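A.B. asks:
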Amino acid sequence: MKKIKICFTLWLSGLTIILSAQKPKSHIAFINGIIHVGNGTVYETGIMAMQGNSLEMVMDMKGLRLNPSAYDTVIDLQGKHVYPALINTNNVLGLHDAEAVRATLDFQEVGGLNPHVRSLIAYNTDNKITPTVKTNGVLYTQVTPRGNLIAGSSSIVALEGWNWEDAVLKADDGVHLFFPVERYMGWGEDGFSLKKNKAYQEQLINLNRFFEDAKFYCSQTSVTEKNIRFEAMRGVFNGTQRLYIMADKAHEMTAAIQFGRKHGIKNIVLCVAGEADKIAGLLKRESIPVILGRLHDLPEYEHDDVDAVFKVPARLKKDSIVFCLSAIGDMEAMQSRNLPFLAGTASAYGLSKEEALQSVTLDAARILGVDKQLGSLEAGKLASFVISKGDLLDMRTNAVEVAYISGTPVKLSNQQTELYEKYKAKYGIK
Amino acid sequence: MNRMKQTIVYAALIVAGMINRMQAQVTFPVNGAPYLTHSVYAFKNAVIHADESTELKNAVILIQDEQILEVGEKTAIPAGAIVYDLQGKHIYPSFIDLYSDYGITAAKTGGSRQWNGPQTESSVKGAYGWNQAIKSDVEAHKLFVANREQADELKKAGFGVVLTAAKDGIVRGSGALVHLSDARENECIYKDRAAGFYSFNKGTSTQDYPSSLTGAIALLRQTYFDAQWYKTAINKTEYNISLEAFNQLQSLPSVFEGNDKFNDLRADRLGREMNVKYIIKAGDNEYQRISEIQQTGLSYIVPLNYPEAMDVEDPYDAEHVSYAELKHWELAPTNAAAFEKNNISFCLTSADLKEKSKFLSNLRKAVQYGLSEKMALKALTTNPAQYVNMANKLGALKKGYFANFFISNTNIFEDEAYILQHWTNGRATQYKELNQPDFRGDYLLNTSARNFKVSIRGDVKSQVTVYLDTLKVNAQFQYQADGIMTMSFKYDSTLVTRLSGTYEEARKSFTGKGQWADGSWYDYTMRLQSEDTTKKAGTVRKKIIPPGKVVYPFQAYGEALPESEGLLKDNWKKFKNRYQAILIKDATVWTNEGDSVLKEYDVYVVEGKIVRIAPNIDAPAGAFAKVIDAKGKHLTPGIIDEHSHIALTNGVNEGTQASSAEVRMGDVINPEDINIYRQLSGGVTMAQLLHGSANPIGGQSALIKLRWGASAEEMKYEKADGFIKFALGENVKQANWGDAMNKRFPQTRMGVEQVYNDYFTRAREYDKQWAEFGKLSPKQIEKDKRVSPRRDLELEALAEILNKKRFITCHSYVQSEINMLMHIADSFGFKVNTFTHILEGYKVADKMKMHGVNASTFSDWWAYKNEVMEAIPHNAAILTKMGVTTAINSDDAEMARRLNQEAAKSIKYGGLPETEALKLVTLNPAKMLHVDDKVGSIKVGKTADLVVWSDNPLSVYAKAEQTIIDGQIYFDRMEDARLRQELKAERARLINLLVAEKHKGVKVVKPNAKRQRLYHCNTIEGVNETETGHR
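Protein chains in written order, with the working numbering: chain A, 2 to 431; chain B, -3 to 1027.
#1: Considering only DSSP beta bridges, list what A404/A is partnered with.
#2: Give the straight-line distance between the Cα atoms of V308/B and D191/A, rounded to the nearest whole angstrom.
#3: Verify whether the separation of the beta carbon atoms of I246/A and L205/A is less than 8 Å.
#4: Within 10 Å of its beta-carbon, does K423/A have 16 or more other beta-carbons around it, so buried, or fewer, so exposed?
#5: Starting from G345/A and walking both ways along the beta strand (DSSP E), at which residues does that stretch end?
#6: Return the CA-CA distance between A223/B and Q382/B, expressed in angstroms with no decimal places.
#7: Tell me whether the region 355 to 374 of chain A and the region 382 to 394 of chain A touch, counting them as touching only if at least three CB pairs, one residue from each stretch, are closer than 8 Å.
#8: According to the Cβ coordinates, are A30/A and V387/A closer than 8 Å?
#9: Kindly examine the ligand FMN and report whether one of its heavy atoms sits closer than 7 Å to the Cβ of L65/A.
#10: Consult DSSP for E57/A and reduce its assignment to one of helix, strand or coil.
#11: If you draw a straight line from the alpha carbon of R446/B to that of G515/B, how long is it in whole angstroms?
#12: With a cut-off of 8 Å, does the C-beta of H177/A fall near any C-beta of chain B?
#13: Could you give the DSSP three-state label for L979/B: helix, strand or coil?
#14: Check the Cβ of S194/A against every Cβ in chain B and list those closer than 7 Å, keeping chain order.
#15: Tell me the residue span of the alpha helix (DSSP H) that contains M924/B.
#16: Less than 8 Å between the C-beta atoms of M58/A and A50/A, yes or no?
#17: Using 8 Å as the limit for Cβ to Cβ distance, is T1024/B near chain A?
#18: R243/A: buried (16+ other C-beta within 10 angstroms of its C-beta) or exposed?
#19: Any C-beta of chain B sitting closer than 8 Å to the C-beta of D107/A?
#20: Note down, one range per segment and in chain order, each beta strand (DSSP E) of at least 3 residues found wholly within the region 933 to 977 of chain B.
#21: Are the CB atoms of F180/A and G148/A nearer to each other than 8 Å?
#22: Assuming L875/B contacts G907/B (C-beta within less than 8 Å), just tell me the rounded distance between them.
#23: At 7 Å on the CB atoms, spell out the chain B contacts of T346/A, in chain order.
#24: Closest to V849/B by CA distance: which of K53/B, L979/B, T881/B and D348/B is it?
#25: Using a 10 Å radius around the Cβ and a threshold of 16 neighbouring Cβ atoms, would you call N400/B buried or exposed?
#26: Check for me: the beta strand (DSSP E) holding H316/B runs from which residue to which?
#27: Who are the neighbours of H316/B on chain A, taking C-beta pairs under 7 Å?
#28: Can you list, in chain order, the stretches of the beta strand (DSSP E) that have 3 or more residues and sit fully within the region 211 to 266 of chain A?
#29: Are the region 692 to 712 of chain B and the region 900 to 914 of chain B touching, with three or more C-beta to C-beta distances below 8 Å?
#30: For D395/A, would you say it is in contact with chain B, using Cβ-to-Cβ distances shorter than 8 Å as the test?
#31: What is the rounded straight-line gap between the Cα of P341/A and the Cα of V139/A?
#32: Distance, Cα to Cα, I903/B vs A873/B?
#33: For a contact defined as C-beta to C-beta under 8 Å, what are the partners of E890/B on chain A?
#34: Alpha carbon to alpha carbon, how far is G113/A from L895/B?
#35: Near N415/A, which residues of its chain fall below 8 Å by C-beta distance, leaving aside the five closest residues on each side in sequence?
#36: Helix, strand or coil for I29/A? Go by DSSP, reduced to three states.
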C-alpha cells in the first residue's frame, strides 16, 4: 500500500510528472476509480490495469485482492471518473483552421463524384483546433470530407501523432455520399421559404448511373482501362468500406435507404438524420445505424416540440436502433469539444447517463467499425481513456485531468490554456 | 387641317323639373360632324340601392350625360326619355376601388440585381433626391392610359371608379381618381392628384439603401424631416425635385401600403410621429391582431384575397405547412368581418386578386363569414368616396351625383348574381342582354328522326346535358345577343349533330335547323317540359363560423382567448395576468445578492413584484394565486440575453452604409417569432435585440421581455435606456464577403477608426447647432427669421451618445480595435458601455477595467474566422476576475435556450464559483443594460422575472420548468405538454379539411413553407448564408 501513497502524492502534484517521464510505465493499475465501461456497466469502485498500449483488466474491486507489486505503478483515483476515449464522428476537424479563410480550408473538392478523394492526407496533425478538443475528453475523430453527392473517403485518426500516418487508426473507412435534396429552404422572390431543387431528378439519375457503372467495373475480373473513381468504390461494394449517406429529412432518408438497397450496399450508415425518429420503424427493419447531427439544434418546424431534437436519441434507443452522436453542423470542428455535453443533453432528455456515454463511445466505435480497438474499457482494447474529476457529460463538472491514447499519456494543454496562463501571470490573478 | 376648337352652342332641353345643364366644352378637334347627344335615360322597376341603407322598390333613376338628374319614387319620366324596364333587377352605385393600378404600366422589376459590388448612390439622373426609392415626383394622372380590357374586368366585378397609382417605391407620388368608361383619358379623370402613396417596400430601386425593413422605415422618417426643413430653410443651396414633390403630396390624403397586420401598425406609429393619418392598405391577416388595428383609429383599404388550399396529401410535405398557414387558410375570409365587428372604418379593394373576376364571389364569401351586406356596400361605395373627399359626387345614387352604377340580374350578394350593364360617367357597357330569357329547365328536342331529352342548367353560363337513353352527354350551347342559339352534341360515340335556331319566349321553345353527322339537314323544335325546380332567386350562402380560433400570438404555441369573439386588448391582459400572486415553495434560491444561495426558501410574488423571501411563508388563498411546489428544485432570476437577433422582421442589418445610426430595431419587432417561446423554455426572460455587425455604426437596439402573446409594443421593456450597436473588424471591413465588396469605406481597421472620428466630429457640431438654436427666444427667432436646423436622425443618435443618453454595444474581437474604440470614446468624452463578443478582451482586461466598459462574450466559440484565432474560453473568467462586469450572450437562437449551460462553462474554463457563473447570464447583463434596479437578482421589491429549474441551473441536466415574467407564468412544462396536444389536434383537424378540399376537386398549391429566418450578426437580407463567415 505504500507504493500507492507515493503515487498518489505524485498525482496531486500534477500531471506533468507523469507526462514528463520519458518512457511511461508500461504496466499500470488505476484503482478506486468510478469506471464507466462504455457498454452500460459502471464499476463504482473499479480497477483498470493496462499493459503497453492496451487494457489488461477492467473490473470491480470488490472482493479483489490487489497485488501492487505486480504493477510498475498503482494510481489511486480516489473516486474520480474513468471513461473510454470519446470518438468524434463525421467531422471536418483537422481539415481547416480559420473557417472564413479560404486558404486554410481542405474539406471540399470540386465535382460531384469523388470517391477517390481521400481526406486522410489533408489531415494536419498540427492544426490549431484539435488540441482544444482533446482537453475535454475527445481523443479520436473521423476525418470526413464534405461535398456534393460523393465527397470522398474518411479515415479515423487519434488526436495525437507526429503526422497522419502516425495518427491513423483506420484509413479510408468509408465513402461519404451527400444524398440529393429534393427541396430546401432558401431565398427567393417570396422570401425565405421552401424551394425545389430543379436538378434533383438529374442528380438522382447521375448517381444511379455512377453506382451501376462502378459496380459493373468492380465485378470484372480484369480491367481494360483503369478508372480511379470506380476503383475507390470497391470497398463499398464488397462491404469492407461503409457508405455514409448524409440525409436529413424523412423523404431523403427513405430515398437514400432505397438507393443503398437497390445497389446492394452492405454497410450503410445514415448521417445527420434530423428526422430519424420519424422513420424509426424503417431504420429498425433495415438495421441501419445512424450518426445523428448535432443535438444542440433548433426544431425544424415551428409546431415541433421545443425539445424535438433533444429527444431523438431516446426515441431511437427505444427501438434499439444503433446510433451515435456527432457535432455535425455549424462550426463543427471547433464544436467537437462539446461532444460530451451533447451526450449530457441526450441524457437530460431520456437516455440514462451510461446510454448517453455509449452514444459517443462504444456505439460510435461500432458504427465506424473500430469497436475491437475502441469504444469501451474492456480487456484487449486500446488503452485510450479519460479521467475526469466529475461527470464528464456535464459542463458544470467536466474536468479532464488525464487522458491516454494507446497507453500513452496525452498532453492536455493547448494554445488556449497557454494564453490563459500567460495573461493570468500578466494580471497576477488566480 | 384647320385646327379649330369646337364650340358647342347650348341648346336648352326643356323638361319640367329638370335642371338646365351647360354643355361642357372640349378642346379636341373632331373628324367629321360631331356626334352630339344629350339623351335622357330612365330606369324603372328595378330595386335601387341608392346607398347602403336606402333600398327603393318602385323608383326611377333619370340620367343625362354624366349626371344623375333624379332618383325617386315619384320621379316622372320625361317625354321621349329612353326607358329601361328593369323588373326584378337591381341597381347599385358603382363600387370604388381606392387601391388600383388601372391604366398604369407596372415598373419593370428586373429581378434581383446582379451582385457585382455595392451601389451606394441613386442611378436616377437629374435634380432628384439622394434615394432612388423616394419617387414622390411620380404622378399617376400623367402615366394613366385607359385600358379597355382592365376596365371591363373591373366593371364586371362592380367597380366603376378607381384610385390608380404607380405602386413602386417607398414614396410613390400621387394617384388619380378615374372612372372606367371607354371615353378619352381627358374625360376619365375625376381628380388628378387624389392621394399620396407610401410603403415600406423599395420596389424596383437598385440602390443598396435601404436593404432592410428597419432601413426603409428610417428612410421614410428622415424624408419627412428633410422635406420639412426644405420647406422652411432659407439658405438652402439645393433644389430637390423629390422633396418639392414630397411637400406637395402632404396636402392630399395619404395611402400607406401596409399589406400586413404588423406593417399596418408600423405605419401607424410612423404616422403618429409625423402627424399624418394614413389610410392603410391592409393585408389579409389583420383579424389576427384586430384590437391593435382598431386602436390605430385609422381607416383601412381591405383586399379580399384568400389563401389557396395547400396540398397536404403527403404527410411529410404537410409538415412544411406551418400552424399559422393552416389556421390562416381557415380564418382569412373572416378578415373583413373583423373590421366591421370592431367598428373600424374600412373600404374594400380588388387589389391583390390575380383574377378580378373572383372579386364578387370573394365578397360573398366575406359575407358568408360574417360581414354584413350593408357594411359590404358601404365599404365599396360611401366609405371610399368619403376617403377621397368625393362623398358629394360618388358612392351613391342621388341627384347631382355622377352617373356611375351597375345593373345586376338579382341581389348582388346572391351566388347567381351577375352584372348585366355597367354605366360609368353616364356611358353604358353591356355585359349581358338585359332581357335575356331564362332558359333553365328540361326540354324535349324533337327531330323527325329522333327525340332527345335535354336539360339546361346554370344562369350565367348554361350547362346543357343531353340524355341518350341511359347515357348523358354534355352539349355545347350558346345564346348570343342577336338572339341566335347554337348547340352541338354527340348523339353517337363519334357522331356529332349541330343545331342553329331562335327562342320564342311565349312558347318557351327553340326552333330551327339541325344537321346530322352525315351532312343531312333536319327541322326541330325543342320545347320546355318542366322548369328547373332548383332555380330560385334569393339563395344566399349559409353563414359560416369557422371552428378554429384566433390564437395569440398567431403561431404554434399561441393560445386562444377564453372568449374569442371580438376580444379587446384588456381581455388579453386579464387573461395573461391571471395570477395576482405566486408563491414558490421550498426552492433552492439563487438570489444573486452576493453569493447567497438559500436552501428550502419560499419566494412570494404579488402583482409582479417580489414581496417576501423567507422559509415557510403561509400559502395565500384565492383564485388568483398560484402555488409552485419547488421542493428539490432551484429558483434563479430570469436569464437575460444581451446579444440577440430573434423576433425581428425582414433584416437585421442595414449594412449598406458605414453608418446606419438612424435605424431602430424597435421598429421591426416580430412578436410571433417561435424562438421567443423556445427561449422561454430555456429560462430566458429578456433579450436585447441588436442590429447586425455589417457596418461600424449599426442601428439602435431594442430591449424586450419575452411576453409571448403580447404585441410588439407590449414586448418592449418599458424603461429601457437607448442603446446602439457598433461593430469592428472583419465584418465591417467586409473581409469575408467576396472580392466584389472592396469599395465601401472602410476596408481596414485604420479606416474604421476614421469613420468614428468623422461621425463623432460631425455629431458634435450638429449638437452644437441645435444647442445654439435652442437658446434663441421665440422673439429672436421671429425677428431674425431664424429656422431650425435640419433634423438628421443619424447624427442625432450619435449626439445622444456624446450626451450620455445613448449607449454603445460594440461587436469586437481583436485587442487593437478594442483599444482604439476606447481611445475614440475618451477623446470625445464618453464611455463605451459594452464590448460584445470581445473574444480578445482578456488581453486588454486591465484597460477595459480602467475605461469602465462591460464585456459580453461567447463561452467557447472560436476558429470561425481569422480574427478569432486567439479567442480563449477562459475569457469570461479572466474578465470577471479583473473586475470587468461580464456576460455570456448567444447571438444564436439555438444557444440562447441553453445560456445557463454556456455560463457553466466558465466553471470549467477559469474556475469561476457557481454563483458568479450564474450571474454571467442574469445579473451582469442586467447591469450592462441598466436594468439591474429592476431585474437580475431575487430581492424584495424587484420585478419577478424568475425561473424554476429541475436541477442545479448550471447543469446540463437542468430544465426550466416554469419561466415567470412580471409575476406571470409565460412557460410551464406542464402547460407546454397540454399545448402540444392541442396543437397536434388542431393541425390534424385542419389538414383533414384540406385533404377533403383536394378530394372535392378544389385547386391546391404546393406548400411554400415561408418561415422566419434565423439571424446572426452578419446576416444580410436576401443573401443566402455561405458555408463560412459566421458572426
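Backbone N, C-alpha and C define an ideal beta-carbon position, used for all residues, glycine too.
None of the values given here were measured: they were computed from a predicted structure.
C.D. replies: Here's the rundown:
#1: V387/A
#2: 20 Å
#3: no
#4: exposed
#5: From DSSP, G345/A is part of no beta strand (DSSP E) but of the alpha helix (DSSP H) over L340 to A349.
#6: 28 Å
#7: yes
#8: no
#9: With respect to the ligand FMN, the structure shown offers nothing to examine, as it has no ligands at all.
#10: strand
#11: 16 Å
#12: no
#13: helix
#14: N1004, A1005, K1006 and R1007
#15: L919 to M924
#16: yes
#17: Caution is warranted here: a pLDDT of 30 is assigned to T1024/B, below 50, making its placement in the model unreliable, and no coordinate value can be reported.
#18: buried
#19: no
#20: 942 to 945, 956 to 961 and 964 to 968
#21: no
#22: That pair is no contact at about 14 Å.
#23: V952
#24: T881/B
#25: buried
#26: It is not in any beta strand (DSSP E) - H316/B instead sits in the alpha helix (DSSP H) that spans P311 to H316.
#27: L195
#28: 243 to 248
#29: no
#30: yes
#31: 8 Å
#32: 8 Å
#33: H297, D298 and L299
#34: 39 Å
#35: P132, T133, K135 and T136
#36: strand
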